[in-house]
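Top line first, the protein sequences correspond to chains A and B. In this text, residue positions in the first sequence follow the working numbering: the first is 1, and each later residue adds one. In this text, residue positions in the second sequence follow the working numbering: the first is 1, and each later residue adds one. We put the beta carbon where it would ideally sit given N, CA and C, even for glycine. First the structure, in the form of C-alpha cells, and then the observations on it.
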Amino acid sequence: MVFGELVIPTTRALWDDEEELQEYVQSDMEWEHELSPDVIDNLYVVDTSTVIKLFEKCILTDLAPVNRSKRAGVRIYQLKQDTVVLYEHKTEFVSGEIIQSLRPFIDKAKNVYGITSSPIALYQSNDAPEDFTCFVRCLSTGITANLMSYCIHNNRGCQLFIGYVEQAPLDSINSEPFLRLFGEIGLEIKSHYNMILQAPSNNLYM
Amino acid sequence: MAYTHVSVGNVGQLTVDLIITTLNLKKVASIWHPAIIPFIGGDPYQVEVDNPCTACELYTSEALKIAVIQLRSSIEPRLALDFFALLRTDILNLNISEIVILTTVFAYELHNIESSHFCYISNSDTKLKKLHISPIVVNEFGKYVANGAGFAIKLYELLHDVVKCSVLAKYVSEGDNRPDAFAMMNLIKELYLLEGKNSFPIKIPLSWNYVFGNPPPVGLF
Numbered sequence: 001m002v003f004g005e006l007v008i009p010t011t012r013a014l015w016d017d018e019e020e021l022q023e024y025v026q027s028d029m030e031w032e033h034e035l036s037p038d039v040i041d042n043l044y045v046v047d048t049s050t051v052i053k054l055f056e057k058c059i060l061t062d063l064a065p066v067n068r069s070k071r072a073g074v075r076i077y078q079l080k081q082d083t084v085v086l087y088e089h090k091t092e093f094v095s096g097e098i099i100q101s102l103r104p105f106i107d108k109a110k111n112v113y114g115i116t117s118s119p120i121a122l123y124q125s126n127d128a129p130e131d132f133t134c135f136v137r138c139l140s141t142g143i144t145a146n147l148m149s150y151c152i153h154n155n156r157g158c159q160l161f162i163g164y165v166e167q168a169p170l171d172s173i174n175s176e177p178f179l180r181l182f183g184e185i186g187l188e189i190k191s192h193y194n195m196i197l198q199a200p201s202n203n204l205y206m
Numbered sequence: 001m002a003y004t005h006v007s008v009g010n011v012g013q014l015t016v017d018l019i020i021t022t023l024n025l026k027k028v029a030s031i032w033h034p035a036i037i038p039f040i041g042g043d044p045y046q047v048e049v050d051n052p053c054t055a056c057e058l059y060t061s062e063a064l065k066i067a068v069i070q071l072r073s074s075i076e077p078r079l080a081l082d083f084f085a086l087l088r089t090d091i092l093n094l095n096i097s098e099i100v101i102l103t104t105v106f107a108y109e110l111h112n113i114e115s116s117h118f119c120y121i122s123n124s125d126t127k128l129k130k131l132h133i134s135p136i137v138v139n140e141f142g143k144y145v146a147n148g149a150g151f152a153i154k155l156y157e158l159l160h161d162v163v164k165c166s167v168l169a170k171y172v173s174e175g176d177n178r179p180d181a182f183a184m185m186n187l188i189k190e191l192y193l194l195e196g197k198n199s200f201p202i203k204i205p206l207s208w209n210y211v212f213g214n215p216p217p218v219g220l221f
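The following block contains the structure:
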C-alpha cells in the first residue's frame, strides 16, 4: 500500500451509489409450452446439482420434461398427479422472477415441498448428528427459500428440506438419507444411487 | 413508521431489532416481492420457533401506533423501482403519518470527527434539526451524498412528496456494530418514543447472541 492511498473497506452496502436504477423490463423466459397446470397433488421444487442428480437418477430416470425454459434453467416434469421442478442456477433471472412465473403451479398444488442441499461445513449448529455423511435439516436460502417465503406470505403450507452433504461425490451411502426423505414425502424411488467412477479430466495425479 | 435496509454495518437492521424487542412489537405481515433477495431463518426474537422468519416483515404496536419494516436482505437493483413503487402505494393506503428511514454511511465520509456522528434528510420541521445533527449534503448535481446508504436516498426521493419523511443515518464502519445500533436506538427514543415520558431500558434480542455465528466445533481443538 502506498502512503496516502485510499483503501475502500469491504462492506455489506452492496449498492453502488453511482448506479442509476432502471425501470424494470420483464424478460421472456421462453417457456416451450404455456404454464397452465391441471390438478397437482404434490409440487417438488428442487435446487442444487446434488439433489438434481439424485432426482434424475432415482426418481425421474428416463422421463422427459413436459416443459422447460433454457434461459431460466428450469425443467418441469409430471409424475402422475405430482409435479417436479428442477432448477439449475442461471444468472439471467433472479429467484423471485422464477417463483413469480411458477405461481400457477404453487397456487394449485395441495402440498408444496422445497428440497436443496448445502456443504456440511456450512451447517451452523452445535447439535450435529453423529452420522456426518449426510443428514437432513430444515431452513435455507436461494430459490427454495423464496418458495417458502412466497407460501408463508400467501398463508400456504410448505415444507423445506436442506440436506447437508460432504463435498465428496455422491455414492450409495451419502445419498441414502435423501432417498429416505424422498420416500417419506411421497416420491416413488425407481432406482438407488450408484456412484460411477470417472477418470479425472486432467492428468495432474497420474 | 420506521423502515430499514442493508447498508454499511447493517445498523438499521440491528436498531429495528432493538425497537421490536424493546417495544414488544408483534409481527403482523410478511412482505414478498421478486426483488427481495430471499431468506428463511429461525425466529430472531424467540427461542421457541413457531414461525420461520422471512427476508421482509412488518411489525406493529397498535397501542404505540408504531410500525416497522424489517428488511433483512438486500433488494435486487433491476427490480428495485418496481418494489419501491408498490411500497409507496401501500404506505399511502395505510395512512402512515410519518416515515423514518434508518440507514448508515461510511465513517470515512465524516470529515469533522467532533461533529455529530449522525446526519439526516427531512421534508418536515423535524426535531432532528434541533439536535445539532448535520443535514446530508447535496452535491453540484443536486444529488444527496450518502455513500454506503443503500437505497435509502432513492426511497426518500420517491416518498418525500407524498408523506412526512426523514432519513436518519449514522457514520459507521464495518465490524461489531451493536454499539452503533444502541446509539441510533437512543436517538430514536429521544426523538420519537419518549415525548415527555420516563425513559425505559433497551432490551437486546435473542439473535444478538449469534452475531458472529455459533462457537467453533469442539473437535477443532
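- Within the region 74-98 of chain B, the residues whose Cβ lies closer than 7 Å to any Cβ of chain A are, in chain order, Ser-74, Glu-76, Pro-77, Arg-78, Leu-79, Ala-80, Leu-81 and Asp-82.
- Between the region 95-103 of chain B and the region 159-173 of chain B, the count of Cβ pairs shorter than 8 Å is three or higher; the stretches touch.
- In the DSSP annotation of this structure, Ser-116 (chain B) is not part of any alpha helix (DSSP H), being labelled neither H nor E.
- Cβ-Cβ distances below 6 Å link Val-51 (chain A) to Ile-115 and Ser-117 in the same chain, with the five nearest sequence neighbours on each side left out; the list follows chain order.
- For the region 33-47 of chain B, the set of residues with a beta-carbon nearer than 8 Å to any beta-carbon of chain A comprises His-33, Pro-34, Ala-35, Ile-36, Ile-37, Pro-38, Phe-39, Ile-40, Gly-41 and Gly-42, in chain order.
- Contacts with chain B at 7 Å (Cβ-Cβ) include Gln-100 (chain A).
- For the set B:Glu-195, B:Ile-31, B:Pro-52 and B:Glu-48, the Cα lying nearest the Cα of Ile-40 (chain B) is the one of B:Pro-52.
- Taking 8 Å as the upper bound for CB-CB distance, Ile-120 (chain A) and Asp-47 (chain A) are not in contact here, some 17 Å apart.
- In this structure, Asn-147 (chain B) places its C-beta atom within 7 Å of the C-beta atom of Phe-106 (chain B).
- By alpha-carbon distance to Asp-82 (chain A), the top candidate from A:His-89, A:Ala-199 and A:Leu-187 is A:Leu-187.
- Along the region 42-87 of chain B, the beta strand (DSSP E) occurs as fully enclosed runs of 3 or more residues at 56-61 and 66-71, listed in sequence order.
- Going by C-alpha positions, Trp-208 (chain B) is about 18 Å away from Lys-27 (chain B).
- With respect to the C-alpha of Glu-56 (chain A), the residue from A:Arg-156, A:Phe-182, A:Glu-5 and A:Ile-99 having the closest C-alpha is A:Phe-182.
- The three-state reading of DSSP puts Ala-35 (chain B) in coil, since its state is none of H, G, I, E or B.
- Judged by DSSP in its simplified three-state form, Thr-50 (chain A) adopts helix.
- Distance check between Phe-93 (chain A) and each of B:Leu-191, B:Arg-78 and B:Cys-56 places B:Arg-78 closest, using alpha-carbon atoms only.
- Between Asp-82 (chain B) and the set A:Asp-171, A:Glu-23, A:Leu-6 and A:Glu-5, the nearest pair of CA atoms involves A:Glu-23.
- For Ile-115 (chain A), the three-state secondary structure derived from DSSP is strand.
- In the DSSP assignment, Leu-147 (chain A) falls within the unbroken alpha helix (DSSP H) covering 143-153.
- One alpha carbon belongs to Phe-182 (chain B), the other to Ile-202 (chain B), and they sit about 8 Å apart.
- The region 183-200 of chain B makes contact with the region 11-20 of chain B: 3 or more CB pairs, one atom from each, lie closer than 8 Å.
- If the five residues before and after Asn-177 (chain B) are omitted, its C-beta is found closer than 7 Å to the C-beta atoms of Gly-9, Asn-10, Val-11 and Leu-14, all from its own chain and listed in chain order.
- Judged by DSSP secondary structure, Arg-68 (chain A) falls within the beta strand (DSSP E) whose first and last residues are 67-69.
- Of B:Ser-173, B:Glu-109 and B:Glu-157, the smallest CA-CA separation from Leu-21 (chain A) is found for B:Glu-157.
- Per DSSP, Tyr-156 (chain B) lies in no beta strand (DSSP E) segment; the continuous alpha helix (DSSP H) that holds it begins and ends at 152-159.
- One Cα belongs to Gln-26 (chain A), the other to Gln-100 (chain A), and the distance between them is close to 11 Å.
- Gln-159 (chain A) sits exposed, since fewer than 16 C-beta atoms from the chains shown fall within 10 Å of its C-beta.
- Think of a sphere of 7 Å around the beta carbon of Leu-35 (chain A): no beta carbon from chain B falls inside it, the nearest being about 16 Å out.
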